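FYI, the working numbering numbers position 407 of the sequence shown as 395, with every residue one higher than the one before it. Just so it is clear, CB atoms sit at the ideal spot from N, CA and C, and this is done for glycine as well. If you're wondering where the values come from, they're calculated on a predicted model, not measured in any experiment. Data block below; observations after.
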Amino acid sequence: MESAEIRRRYLRFFSERAHAIVPSASLIADDPTLLLVPAGMVPFKPYFLGAARPPGPRLVSVQKCVRTPDIEEVGRTTRHGTFFQMCGNFAFGDYFKEGAITYAWELLTTSVADGGYGLDPERLWVTVYLDDDEAERIWREKIGVPAERVQRLGMGPNFWSMGVPGPCGPCSEISYDRGPEFGPEGGPAVNDERYMELWNLVFMQYERGPGQGKEDFPILGELPSKNIDTGLGLERLAVILQGVPNMFEIDTSRVVIDRAAELTGVRYGAAESSDVALRVISDHMRTSVMLIGDGVVPGNEGRGYVLRRVMRRAIRAARLLGATDPVVQELVDTVIGSMGEQYPELVADRERVRTVARAEEAAFLKTLKAGTAILDAAVAETRSRGGAVLAGDKAFQLHDTWGFPIDLTLEMAAEQGLSVDEDGFRRLMKEQRERAKADARAKKTGHADLSAYREVAAGRTDFTGYVATEGEATVV
Ligand code: ATP
Ligand code: MG
Ligand code: MG
Ligand code: MG
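In structure tokens form, the structure reads like this:
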């Protein structure tokens, strides 16, 4: 089943069950705590928080998502992309656990001929939160899932909150057993590659008070009106329904791998390392196109930096595989070719997306060679001292002068067996940011504002790291 059909069926199934279809929001989150949208519920946060009224009690969407924190997994696990689409059904003070569980099961297991996805129920496993007896009872008694395929998981995977006071509650997840070629048995609690998580059902049941992050907080009581938030990974379901081993080989991604293979002269399947590189190119170029399509331009801060990171990593991977000419315009065209049906605005915007991508490639290729020489020299110097960690100021110099995003430096250092002093790098980045702010203030007032320097000098600025800077990992 093609990705486009998976999407159509999801929307049809829930709209036939009284859910209003909401188009995907932009990847640029309308939310000061997030840079990019990492989950389908984000555009609906005001409804969940009670700050706005939803347009109806039941909604359904297929939301574009970007998860930068998953970047290290890309191409190495079979199921993490930086870009993916989350199918979700949402209920506000309407159906709750039994409704959400029953719908999910029905859609997954109804035959393809009857409008479902036709998954074999014997291959589906479910998890519930530690003390969620109610959800377990529904799975076992109402749905008939045997006890040995229901597992209990703790707070980390199976309890959801936004990291701030407000709604929270247990989750229940559905995973698919891909068989012994993906590892030993034991269910999703012990092996999440073989038992691939497909669908997360969040039961917003309680109200949480203030506390430490996502795990340590008091539960104030039951919410007066309970809500449902679910997320089914479209690409992961496509992995199963298309019978491919990973999400980079599904219809919409495989074409990009094939084009990258042509452009670099490497055959997909020739070696594990070049396969990983081709998967990285495919994922990162998809993410780049979707970001540029939503108006992000490459830069050194915020969203622009996310885009720069993924694009430059893809470009370098293509060079390493043997590309000597620019590649991004061809890859942009391939991505738009495969995503344009679902996102026609990309087709209309093709020229602009191409231009932005080409300019970023040209800028990077200008500094890639010189930067690589600087990095190699720094690695050799570190090694000659018997060191195993590349200094933070080198990473900073590479970033600042040669346009090397930190991931690229990490990756290139790791290829030569070194790690990088990331804390040192971030400290210097932070100082530079403070300087820029002070300069901007000085320009405005005509006076140099030295307070930022003083704070840095006194060690008073508390560095909160990239997670906070980039936002998307912090809340959802
Ligand atoms: P995992 O444990 O596999 O990392 P998750 O628990 O982080 O997934 P959720 O936050 O529950 O994922 O998101 C809901 C669904 O979105 C997941 O069940 C999965 O199908 C899909 N999904 C999440 N992250 C990714 C990703 N990086 N690439 C593709 N699909 C994803
Ligand atoms: Mg995850
Ligand atoms: Mg998970
Ligand atoms: Mg999950």
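Practice task
Measure the C-alpha to C-alpha separation of K465 and P393 and round it to an integer number of angstroms.
Solution key: Because the chain in this structure spans residues -11 to 464, residue 465 falls outside the shown range and cannot be described.
Practice task
Give a single yes or no on whether E181 has its beta carbon closer than 7 Å to a heavy atom of ligand 3.
Solution key: Flag unset: Cβ of E181 not near ligand 3.
Problem - heavy atom of ligand 3 below 7 Å from P57 C-beta - result: No.
Practice task
Grab the span of the beta strand (DSSP E) containing D217 for me, first residue to last.
Solution key: Note, D217: beta strand (DSSP E), I207 to G221.
Exercise for the section: In angstroms with no decimal places, state the Cα-to-Cα distance between R67 and V232. Expected result: One C-alpha to the other measures close to 11 Å.
Exercise for the section: Return the bridge partner residues of K52 from the DSSP annotation. Expected result: Paired residue(s): Q73.
Practice task
Closer than 7 Å by C-beta to T99: which residues in its own chain qualify, once you throw out the five before and the five after it? Chain order, please.
Solution key: Checking the sequence shown, residue 99 turns out to be Ser, not Thr. Only G106 meet the Cβ criterion.
Practice task
Return yes when the Cβ of L309 is within less than 8 Å of the Cβ of V254, no when it is not.
Solution key: The Cβ atoms of V254 and L309 sit closer than 8 Å to each other.
Problem - Residue closest to F205, alpha-carbon to alpha-carbon, out of E195, E169 and S213 - result: Per the C-alpha coordinates, the member of E195, E169 and S213 positioned closest to F205 is E195.
Problem - Proximity of K85 and A27 at Cβ, strictly below 8 Å - result: No; because the gap between Cβ atoms is not below 8 Å, this pair is not in contact.
Handout entry: Where the beta strand (DSSP E) containing Q115 begins and where it ends
Key = The sequence shown places Thr at residue 115, rather than the Gln named in the question. That run of the beta strand (DSSP E) goes L112 to Y117.
Problem - CB contact check: G290 to chain D, cutoff 8 Å - result: The structure shown has no chain D; it contains just one protein chain.
Practice task
Give the range of the beta strand (DSSP E) segment to which I238 is assigned.
Solution key: DSSP places I238 outside any beta strand (DSSP E), giving it a letter other than H or E.
Practice task
Rounded to whole angstroms, what's the CA-CA distance from V320 to R267? Just pull it up for me.
Solution key: Straight-line Cα distance between these residues: approximately 15 Å.
Handout entry: Straight-line gap, H387 to I303 (C-alpha atoms, nearest Å)
Key = Straight-line measurement puts the Cα of I303 at about 16 Å from the Cα of H387.
Problem - For G154, three-class secondary structure by DSSP - result: Of the three classes helix, strand and coil, the one that applies to G154 here is strand, per DSSP.
Problem - Test item, CB below 7 Å from any non-hydrogen atom of ligand 4 - result: The filter returns P145, C159, E161, E185 and N188, in chain order.
Exercise for the section: Report yes or no: do the segment 282 to 294 and the segment 5 to 25 share at least 3 C-beta pairs separated by less than 8 Å? Expected result: With the cut-off at 8 Å, the segment 282 to 294 and the segment 5 to 25 touch.
Exercise for the section: Within its chain, find whatever has a CB closer than 7 Å to the CB of V138; leave out the 5 residues flanking it on each side and keep chain order. Expected result: Listed in chain order, the non-local C-beta contacts of V138 below 7 Å within the same chain comprise V114, V116, E124, W127 and R128, local neighbours out to five positions each way being set aside.
Practice task
Using 7 Å as the cut-off, classify the Cβ of E60 as near or not near the heavy atoms of ligand 1, replying yes or no.
Solution key: Flag unset: Cβ of E60 not near ligand 1.
Handout entry: F36: first and last residue of the uninterrupted beta strand (DSSP E) it sits in
Key = Membership of F36 in any beta strand (DSSP E) is not indicated; the residue belongs instead to the alpha helix (DSSP H) covering K33 to F36.
Practice task
Could you tell me whether the Cβ atoms of F413 and L222 are closer together than 8 Å?
Solution key: Not a contact, by the Cβ cut-off of 8 Å.
Problem - Cβ neighbour criterion (16 or more within 10 Å) applied to V178 - result: Here V178 is exposed, its C-beta having fewer than 16 other C-beta atoms within 10 Å.
Practice task
Report yes if the C-beta distance between M235 and V227 is below 8 Å; otherwise report no.
Solution key: Yes. Within cutoff.
Practice task
Have a look at N188, L229, L118 and P153 and flag the residue whose alpha-carbon is nearest the alpha-carbon of G201.
Solution key: Ranking the options by Cα distance to G201, first place goes to P153.
Exercise for the section: With DSSP collapsed to three states, give me the class of V100. Expected result: Coil.
Practice task
Examine ligand 1 and report whether any of its heavy atoms sits within less than 7 Å of the Cβ of A336.
Solution key: Result no, Cβ not under 7 Å from ligand 1.
Handout entry: E369: first and last residue of the uninterrupted alpha helix (DSSP H) it sits in
Key = It spans R338 to S372 - the alpha helix (DSSP H) in which E369 sits, taken as one unbroken run.
Practice task
Assign L279 to one of three DSSP states: helix, strand, or coil.
Solution key: When secondary structure is reduced to three states using DSSP, L279 falls in the helix class.
Handout entry: Residue environment, E460, which counts as buried when at least 16 other CB atoms sit within 10 Å
Key = Residue placement at E460 cannot be trusted, given a pLDDT of 32 that sits under 50; what the coordinates show is reported in the next sentence. So E460 counts as buried.
Practice task
Pick out whichever of D239, I324 and L141 has its Cα sitting closest to the Cα of A345.
Solution key: The option with the nearest alpha carbon to A345 is I324.
Problem - Opening and closing residue of the beta strand (DSSP E) in which E136 lies - result: According to the DSSP assignment, E136 belongs to no beta strand (DSSP E), since it is labelled neither H nor E.
Exercise for the section: State the Cα-Cα distance for the pair S49 and G290, rounded to the nearest angstrom. Expected result: Cα-Cα distance, rounded: 26 Å.
Exercise for the section: Using alpha carbons as the reference points, say which of D82, V54, V133 and M(-11) lies closest to A101. Expected result: Shortest Cα-Cα distance from A101 to any of D82, V54, V133 and M(-11) involves M(-11).
Exercise for the section: Counting only runs of 4+ residues fully inside the segment 394 to 439, write out the alpha helix (DSSP H) ranges in chain order. Expected result: Counting only runs of 4 or more, we get 394 to 403 and 410 to 433.
Problem - Helix, strand or coil at V244 according to DSSP, with G and I counted as helix - result: Helix, per DSSP.
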